[in-house]
Structures are given as C-alpha cells and as structure tokens.
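J.: Let me give you the structure first, and then I'll get to my questions.
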Amino acid sequence: MYGKGLRPLSIASAAALGTALGLIFFYAPLDADQGFIQKIFYVHVPLAIVALCGFMAAGIMGIRYLRSGDRSWDMRSYVAIHLSIVLAVGVLITGAIWAKASWGHWWVWDEPTLVSFLIIFLLYCCYQPLRFSIEDPERQARYAAVFSIVAGAFVPLNFVAVRLAQAFSHPRVLSTTGGNMPGSMRLTFLVSLLAIALLYITLWKLELTSKNATMQLKRLRRRLELELDEQHVAAGAPAPPVGTVPAQPVGD
Amino acid sequence: MTRTAWAILRKDLQIELRTKESVPAMALFSVTVFVLFHFGLKRNEIEGDLAAGVLWVTLILATVLAVNRLFVNEREQGGIDGLLLAPIDRTAVFLAKAAALFLYLVLVEVVAVPAFALLLLGPDLLKPLPSLVAILLLADLGLAAVGALVSALAVETRARDLIVPLLLLPLLVPVAIAGANGTSPLFSGSQSPHELGKWLGLLGLYDMVFLLVSIAVFDFLLED
Amino acid sequence: MVEEPPDGALVEVEGLERRYGERAALDGISFELRRGETLGLFGPNGAGKSTLLRVLATLIRPHAGSVKVLGGALPGEAWKVRGRVGYLGHDPLLYRELSGRENLLFHARLHRVPEERVDELIAAVGMHRRAGDPVRELSRGMLQRLSAARTLLHDPPLLLLDEPYSGLDPAARELLEPLIGRASGRTRVLVSHDLEEGAAECDRALGLRAGRQMLLDRPDPARLKELYR
Chain A
1129 MYGKGLRPLS
1139 IASAAALGTA
1149 LGLIFFYAPL
1159 DADQGFIQKI
1169 FYVHVPLAIV
1179 ALCGFMAAGI
1189 MGIRYLRSGD
1199 RSWDMRSYVA
1209 IHLSIVLAVG
1219 VLITGAIWAK
1229 ASWGHWWVWD
1239 EPTLVSFLII
1249 FLLYCCYQPL
1259 RFSIEDPERQ
1269 ARYAAVFSIV
1279 AGAFVPLNFV
1289 AVRLAQAFSH
1299 PRVLSTTGGN
1309 MPGSMRLTFL
1319 VSLLAIALLY
1329 ITLWKLELTS
1339 KNATMQLKRL
1349 RRRLELELDE
1359 QHVAAGAPAP
1369 PVGTVPAQPV
1379 GD
Chain B
250 MTRTAWAILR
260 KDLQIELRTK
270 ESVPAMALFS
280 VTVFVLFHFG
290 LKRNEIEGDL
300 AAGVLWVTLI
310 LATVLAVNRL
320 FVNEREQGGI
330 DGLLLAPIDR
340 TAVFLAKAAA
350 LFLYLVLVEV
360 VAVPAFALLL
370 LGPDLLKPLP
380 SLVAILLLAD
390 LGLAAVGALV
400 SALAVETRAR
410 DLIVPLLLLP
420 LLVPVAIAGA
430 NGTSPLFSGS
440 QSPHELGKWL
450 GLLGLYDMVF
460 LLVSIAVFDF
470 LLED
Chain C
195 MVEEPPDGAL
205 VEVEGLERRY
215 GERAALDGIS
225 FELRRGETLG
235 LFGPNGAGKS
245 TLLRVLATLI
255 RPHAGSVKVL
265 GGALPGEAWK
275 VRGRVGYLGH
285 DPLLYRELSG
295 RENLLFHARL
305 HRVPEERVDE
315 LIAAVGMHRR
325 AGDPVRELSR
335 GMLQRLSAAR
345 TLLHDPPLLL
355 LDEPYSGLDP
365 AARELLEPLI
375 GRASGRTRVL
385 VSHDLEEGAA
395 ECDRALGLRA
405 GRQMLLDRPD
415 PARLKELYR
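Protein chains in written order, with my numbering: chain A, 1129 to 1380; chain B, 250 to 473; chain C, 195 to 423.
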C-alpha cells in the first residue's frame, strides 16, 4: 500500500542530494565574512522548512484521522512527527555549529529560527511520552491526533511570536541577504530544499511501509495463535461450554 | 449550551469555594516564588525587563498548578461519566473549565500583582495599571484556553503531573513573549515608547487561534 | 422526539464487538430487549458484563456489530440515546464535596429536569434527612440510594443496573426495589452476581464468559452456575 513509488522516490532523492552536495561545495559562492562554514545555511534552513511543513502536515493528518477514524492517517501523522523531530534536532545542531563558527558561541538567542525550533522541539518531545502512556490504542490514536493538531497550529504562531520578540534586539545575525539572494545562492538553496524534501518523503514512505508490514505480520501471528488456542481447547476441554439456545424452555 | 456550561462552572466554583484548593494555593505559590526570586536574584527592587520576566514566569508557573487539578476532580470522583451520560454538548465542558481557570487566574492576580508591587517592583504601579490589566486579561484568556485543553489531554495519561508542565510550558511561550515584552515598558520608571498594541494583538491572535482549535477538538478528548 | 420502534424492541444488539488492545472484551454479543422486560447479565469477573452495560449507556463505543438503543444506532446516533437511559454503575457519580441535594440539582440541570423532581426522588429513596450533608460523610448505602435517585431523575425508559443492591442493607434495598426492581415495571438490563436472586429478577438471562456469549435463555440457576466453572 505504501510501498508504491518507493524506488523512483529513493532514486530521485539520491540524485537530488548528490546534486545539492555538488552545488554546495563547488558552485555556491564563498561568503566573504563567514567563510566556508556559511554553507551550512544550505542545510540548516531547508531542514527547518521541511521540518516545519512536516509538523503542520502531521496536524492535517491528525484532522483526517479524527474525521475518518481510519488508523492509517494516525500512522502517517505519527511517522511525520517522528521524522520532523529528527530534522528538528538537525536544525538545532547545524544552527549551533553555524553560531559557533560565526559568533564563537554554541547558542545565540538572536536567531529566531533557532529559538523557535528549540521551543518546538521541547513541545514535540512530549508526543511520544503522551502517546505511549495511554493504553487503549484507539484512545491513544485520538489523543495523539489532538496533540498533532494543537501543536501544528502552534508552530506558525510560535514563529510569529519569536520573530516579533527578536525584532527589537538585533537584526537577524545568521541570515544571508534575505530575499535578494544572488542567483547562484538561490539555485543551490532551492536544490538543497528539494533534496531534503524528497529525502523526507522517501523516509516517511519507507517507515510507513515497514510499520505496515510489521503490523500485518503481528496480526497474522496473533490469528494463528488464536486458532491454535481454539484447537487446543476443543481437543481437551474439561466441560462443553453451554451453547446458545433459542428462547424456548429446554425440553424435559 | 451556555446554560450547560454555566451549570458546570457553577458546580466547579461551588466545589472550589468549599475545598479552597486551587486559588489559595496558586496565590501562595506566587508570593513564595517572588521571595525565591528576591534571594535568587539578590535584588531588593527590580524594574523593566527583569520585573516583567519575574512576574510572567511566576504567573505561568501558577497556571501549571491549576491545570493539574482542573480535571482531576472529575476523574477521581467519577464525575466524568456523569457529564458523559448527560444530553449535553461536550464543548460546554471545555467552556466551563476554561472559564473556571480564567476566574482563578484573575483572582490570583488580584493578590499576586499587588504582592509583586510590594515586594519586588521598583517603579510605581498605579499609572500603568490600566495597560497592565488589559495585558493580563488577554493573557489569562489564552492561558485558560490552552490550560483547559492540556488538562483534558493529560487526564488519561499515567504520569499526569509530569506531562502537564512539559506540554503546557512550550505552548505558553508566546504568552510569555507577549506578556513580558508588553509589560516591561510599563515597569520602567521612564516614559519609554511601547507598542502595546502589537503585543495585545499577538495575544489576541493567540487567544483566538487556541480557543477555536480547542473548541473544535475538545469533543474528541471526552468521548470513547 | 425520537421514534421508538413500533414492535417495542428497546434494545437490539447484533454481533457486538469491543476490543481492549489485542484482547476482545466483547465478542459477538447478540440479543433483543422488549419493553418491560428485564435482561439479566451473568458471568464471572472480567466476562464483559460491565463493558456491555457501558456500551449500552453510550459511555464507550462498539468497535463492530450493530447496536440500537431506544431507536438510536450507536455510536453514530449516541446523542439520540443520551439522557434517555439511566445508568447505575459501581461509581455513584457524586461529587464528594457537594451535598446529595446539590449533586442531584446539578444532574437535574444537565438533564433539564425541574427542581421539584429532585426533592421528589430524595424523598422516594428516603434521604430527605441527610440530603444536605456533604457526600463524603455518607455511608455506602446512602450513596447508592442517592445514585439511584440520580439514575431516575430524568425518568428514563431504559435502566442499566450494575449490581445495584451490592453492599446495601435490607432496609435500603426495600426502599430501592419499587423504584428500580422488577415491581417498577421498567425495562432493565441488570448485572447480578447472586445467581438465585438475579435469576428471579429477570425474564431472560444472558451468560458471558471471557467476552463471549455463552447462553441466552430463560434464567436457570443451574445452567448459570456452569458459567462460573
């Protein structure tokens, strides 16, 4: 069900990644102030964008689940959040590296993307504990969907708030030239963005396929066990169970 | 539906009046935290950014206290089934709980803000009071909506008291941002320019988004 | 107004399933309940009796099969059913800090029942002297009586009773019987652990074991005992 298109996707991702890396290393211009390390921007920002889209998409999948009751939407949402958290960690790490290289500190509060991601990361860290502390699976899925919707709505709000807060202190220190990137930078950036987006989707599909297969395997195994159980009971039961009888007095 | 929400709110207020569990604890907590800050910061008087920060962090932490208890009463006394069996719109439960939390916060602020002015705040509080009240009320709305939602989310989980702050605090960061930024000019003795409107706007947006989301989503939390 | 089926079947259940994780709490339950009848639920602990009752009360939803209560199909039409069943479970559903009367008033408001009914029922269950005391001071028997009053506030056409007389002294029991017992003439689903008594109370018995329906027939204590082996 999910495996369709996995191979072309993987190939496309690999190709895009390769291209992106090539562009980053050989094509994009070297930044005068920050030097080579500035190129981490081509990883940091696309990771952030894809992660954010992932979180919001997970919220939409949560909505789909609540409306349809179809558990596959819940699984899609779960995997999306899962992957986006990994990407978020990547954002934090690349951001820290960049900060250290540019400013000498491993953390700067002036970079709104970084700060927003810290908050978002802290929030989504609660997803798994919340999920797995609820025992009933249907309820678990429902509550997870609610979380994904609330958190998904929170993500853009959070960004706005953090941006507003920074507007006072310093201008964005780790930004590049903002909207007016020179052509070579823009191209590299876009290819990088595409590569990471493709990678994300590929991994998402991959994980879904794998989870699906595991679930089906478990289901089959359980069915097998149940049938074996019933055979055992039928073979060596101590007393025959009282059978279902229509509503009539048992003849004497 | 408002009638039902009112009935539930009334019931909660009745219980709170009798047990006096939440509001006094929150107020006491706030004042104690102020004392802690005095020792922690080693200051007799604070103003501006620092004052705003202390006030808002304290208020938000006090909210966590209340949120922990908001649905606990229902769950422990099996009251939730009583609500579930009744022919009511379940959104009314959310409205009632959020309204209760809002009221608790207002009551606590009536105590905590003067205490803050007394214990820690340097500049005079009277002049900026109307603006402060406006910010507090708008913020309380957001705190109440998100608090009620998180309370319901956490009520079924095993490690409830841990999940609530972990879940609630990141969600409340925008409130802290707007609150602190909006309040800090009010707490400086000087006539610093402040764009109160911008922060009120952010709070308003936050309140609206989370009220709508909570109302839309709350039904799914109560049913089974 | 919600239409009730003309042939008088207040409850129609077919192939009801309810899972708890991997385990089946209810597996293939089917029965019908006509107006004025009492259906007794029997079976060992964990058989699924309380679960079945809760499904009928719309507190939990069926995972498979068809369930129709008072003309409303569950879970989609639960709103039609709510407020028309009276559920008396193990939990009295009373807030401990409020008095009995305040509790009942609250439920009356939720069900849009006039205040006078509250006092009517308090008198009927013999609690008029203690109705003003906080619930946490009351004994189990009194709680059960108040809970019965709560159950009957909205005069429901269907009663769902989970061991209603457990822990009650004979005096309390005598008070409740005309209200929720066989003599009341109400349509009921009743869970009972006392085989002799339960069999006497019901018109038909549904026997459960590990979620499965083992029998559905006129109550016969001897056969019911088989369930518990």
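Note that the Cβ used here is the ideal one computed from N, Cα and C, for glycine as well.
(1) Do V1283/A and M1184/A have their beta-carbon atoms positioned less than 9 angstroms apart in this structure?
(2) Helix, strand or coil, according to DSSP, for S244/C in the structure here?
(3) Could you tell me how far apart the beta carbons of L384/C and L235/C are, in whole angstroms, since I believe they sit closer than 8 angstroms?
(4) Give me the Cα-Cα distance between L392/B and E296/B, rounded to the nearest whole angstrom.
(5) Return the chain-ordered list of same chain residues with a C-beta closer than 7 angstroms to the C-beta of P350/C, the five sequence neighbours on each side being excluded.
(6) Which residues in the same chain as V1301/A place their Cβ atom closer than 8 angstroms to its Cβ, once the five residues preceding and following it in sequence are excluded?
(7) So, helix, strand or coil for P423/B, using DSSP?
(8) Mind checking whether A1273/A and I1191/A have CB atoms under 9 angstroms apart?
(9) Compute the Euclidean distance between the alpha carbons of A399/C and P413/C, then round it to the nearest angstrom.
(10) Please return the same chain residues whose Cβ sits closer than 8 angstroms to the Cβ of G209/C, not counting the five positions on each side in sequence.
(11) Around the Cβ of K243/C, are there at least 16 other Cβ atoms within 10 angstroms (buried) or fewer (exposed)?
(12) Give, in chain order, every unbroken run of the alpha helix (DSSP H) that is at least 4 residues long and sits entirely within the stretch 1140 to 1220 of chain A.
(13) Provide the residue span of the beta strand (DSSP E) that contains V207/C, from first to last.
(14) Helix, strand or coil: which one does DSSP assign to V279/C?
(15) Tell me where the alpha helix (DSSP H) around M336/C begins and ends.
(16) With a CB to CB cut of under 8 angstroms and the five nearest residues on each side skipped, what residues in its chain are close to M1203/A?
(17) With DSSP as the reference, identify every bridge partner of K262/C, one or two as the case may be.
(18) Exposed or buried, which one is T1305/A when buried takes at least 16 other CB atoms within 10 Å?
(19) For a test of the three-state rule: what should DSSP assign to L402/C, helix, strand or coil?
(20) Look at the Cβ atom of F365/B, then the Cβ atom of T307/B, and state whether they are nearer than 9 angstroms.
(21) Taking a cut of 7 angstroms between CB atoms, which residues from the stretch 455 to 469 of chain B lie near chain C?
(22) Quick one: residues in its chain with C-beta nearer than 6 angstroms to the C-beta of L409/C, no 5 flanking neighbours on either side, listed in chain order?
(23) For L387/B, count the other beta carbons within 10 Å of its own beta carbon; 16 or more makes it buried, fewer makes it exposed. Which is it?
(24) In chain order, what residues of the same chain lie with their CB nearer than 6 angstroms to the CB of L370/B, ignoring the 5 residues before and after it?
(25) CB-CB under 6 angstroms to T1330/A, same chain, minus the five flanking residues each way: which ones, in chain order?
(26) Short of 6 angstroms in beta carbon distance, which residues of its chain neighbour F351/B, apart from the five on each side in sequence? Order them along the chain.
(27) Of all Cβ atoms in chain B, is any one closer than 9 angstroms to the Cβ of R1192/A?
(28) Need the endpoints of the beta strand (DSSP E) that F225/C sits in, please.
(29) Please name the residue or residues paired with Q407/C in a DSSP beta bridge.
(30) Taking Cβ-Cβ distances below 9 angstroms as the criterion, which residues of the stretch 1263 to 1277 of chain A are in contact with chain C?
(31) Using alpha carbons as the reference points, say which of L1327/A, A1186/A, T1342/A, A1281/A lies closest to R1135/A.
(32) So, at 6 angstroms on beta carbons, what are the nonlocal neighbours of R228/C in its own chain, with the 5 sequence-adjacent residues on each side left out?
(33) Can you pull the chain B residues whose beta carbon is under 8 angstroms from the beta carbon of S1261/A, in chain order?
(34) In this structure, how does DSSP classify G326/C when only helix, strand and coil are distinguished?
(35) Where do the ends of the alpha helix (DSSP H) carrying R306/B lie?
(36) To which residues does DSSP link G234/C through a beta bridge?
T.: On the basis of the coordinates in this document:
(1) For the 9 angstroms CB-CB criterion, M1184/A and V1283/A form a contact.
(2) If DSSP states are grouped into helix, strand and coil, S244/C belongs with the helices.
(3) Sure, about 7 angstroms apart at Cβ, within 8 angstroms.
(4) Between the alpha carbons of L392/B and E296/B lies a gap of roughly 24 angstroms.
(5) So the qualifying residues of the chain are R278, V279, G280.
(6) At V1301/A, the pLDDT of 45 sits below 50, so the modelled position is not reliable; the number obtained from the coordinates is stated separately. The beta carbon of V1301/A lies closer than 8 angstroms to those of S1230, W1231, V1236, D1238, E1239 in the same chain, with the five residues before and after it left out.
(7) In the structure shown, P423/B sits in a helix (DSSP, three-state: H, G or I).
(8) In this structure, A1273/A places its C-beta atom within 9 angstroms of the C-beta atom of I1191/A.
(9) Roughly 5 angstroms separates the two Cα atoms.
(10) Here the set comprises G222, I223, S224, A258, G259, S260.
(11) Per the 10 Å Cβ criterion, buried.
(12) Runs of alpha helix (DSSP H) with 4 or more residues, each lying fully within the stretch 1140 to 1220 of chain A, are found at 1169 to 1196, listed in chain order.
(13) Segment 203 to 214, the beta strand (DSSP E) holding V207/C.
(14) For V279/C, the secondary structure class from DSSP, reduced to helix, strand or coil, is strand.
(15) Counting along the chain, the unbroken alpha helix (DSSP H) around M336/C starts and ends at 334 to 346.
(16) Contacts found: L1336, K1339, N1340.
(17) Note: K262/C sits in a beta bridge opposite E206/C, A267/C.
(18) The predicted position of T1305/A is uncertain, since its pLDDT is 46 and thus under 50; a value taken from the coordinates is nonetheless stated next. Counting the other Cβ atoms within 10 Å of the Cβ of T1305/A gives fewer than 16, which makes it exposed.
(19) For L402/C, the three-state secondary structure derived from DSSP is strand.
(20) Yes, Cβ-Cβ distance for F365/B and T307/B is below 9 angstroms.
(21) Listed in sequence order: no entries.
(22) Once the five neighbours on either side are set aside, the close Cβ partners of L409/C are G401.
(23) Residue environment: L387/B is assigned as buried (16 or more neighbouring CB atoms within 10 Å of its CB, all protein chains considered).
(24) Scanning its chain for C-beta atoms nearer than 6 angstroms, with the 5 sequence neighbours on each side dropped, one finds around L370/B the residues A300, in chain order.
(25) Closer than 6 angstroms at Cβ, skipping near neighbours: L1137, S1138, S1141.
(26) If we look at F351/B and ignore the five residues flanking it on each side, its Cβ neighbours are D389, A393.
(27) Under the Cβ criterion of 9 angstroms, R1192/A is not counted among the residues facing chain B.
(28) In the DSSP annotation of this structure, the continuous segment of the beta strand (DSSP E) that includes F225/C starts and ends at 217 to 228.
(29) Beta-bridge pairing links Q407/C to L402/C.
(30) Cβ contacts with chain C: E1263, D1264, P1265, E1266.
(31) Answer by Cα proximity: L1327/A.
(32) Excluding sequence neighbours, R228/C sits near G202, A203.
(33) Within 8 angstroms of the CB of S1261/A, the CB atoms of chain B belong to T406, R407, A408, I412, in sequence order along the chain.
(34) Judged by DSSP in its simplified three-state form, G326/C adopts coil rather than helix or strand.
(35) The sequence given here has Val at residue 306/B, not Arg. Looking at the DSSP string, the run of the alpha helix (DSSP H) that includes V306/B is 297 to 319.
(36) L384/C, A399/C.
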